[in-house]
Amino acid sequence: MAPAVAREVPLSRPNPQALATAGFTLLELLVVVAIIGLLAAYAGPRYFGQIGKSEQAVARSQVEGFHRALAGYRLDMGSFPSSEEGLASLTGMPPTAAAGAATWRGPYLSKAVPLDPWGRPYIYRNPGVRGDYDLLSYGKDGQPGGSGDAADIGPD
């Protein structure tokens, strides 16, 4: 058998017509961009609407947790914390409750009271307008009242 001989293959120049037709035309790119825009216009509001609903659900869940913690506080102390003591009294004995220190069995929350999902503190008032106390978030707009995302969120 004869040894294999390497042959040199001459390098060819690219065909200028092939280069001119390679890639996408402007019309094809515009069609793709239009389709992506239509999909985003359809799906975007649905996606962002769900985010608003989840923020409301988180706020409602936190308010219910505070409500349960306040019930435990009342069982131990005989009354709800004052507006001045606020929700912070659920994580540490308030200095104004020194007389009831023997009955305080907290903390009633394992962590510090968080801000609402929109970055504002929860509203706690004792005595309340709606009951023994008011505990709520003013919602997305941070103002009393409202509807939809801007509705007040409190115990039902």
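Reminder that position 84 of the sequence shown reads as 95 in my numbering, one-by-one numbering, no gaps. From the three backbone atoms N, C-alpha and C, an ideal C-beta is built for every residue, glycine too.
Query, Result
"In whole angstroms, give me the CA-to-CA distance for ARG57 and ALA123.", "34 angstroms"
"Taking only the alpha-carbon atoms, compute the straight-line gap between GLY34 and SER158 and give it to the nearest angstrom.", "52 angstroms"
"DSSP state of ASP160, grouped into three classes?", "helix"
"Is the segment 79-93 close to the segment 47-54, with three or more CB pairs under 8 angstroms?", "no"
"Give the single residue among ALA112, ALA113, GLN73 whose Cα lies nearest to the Cα of LEU98.", "GLN73"
"At a cut of 8 angstroms, does the segment 126-135 reach the segment 36-49 through at least three beta carbon pairs?", "no"
"What first and last residue would you give for the beta strand (DSSP E) that runs through ARG136?", "134-136"
"Using beta-carbon positions only, say whether ASP143 and PHE77 come within less than 8 angstroms of one another.", "no"
"Identify every residue that forms a DSSP beta bridge with LEU40.", "Paired residues: none, contrary to the question."
"Evaluate ILE164 with the Cβ neighbour count: other Cβ atoms within 10 Å of its Cβ, from every protein chain shown; 16 or more gives buried, anything less gives exposed.", "buried"
"Could you check whether the Cβ of GLY34 sits closer than 7 angstroms to any heavy atom belonging to the ligand NAD?", "The ligand NAD is not part of this structure, which contains no ligands at all."
"With DSSP run on the structure shown, which of helix, strand or coil describes LEU146?", "strand"
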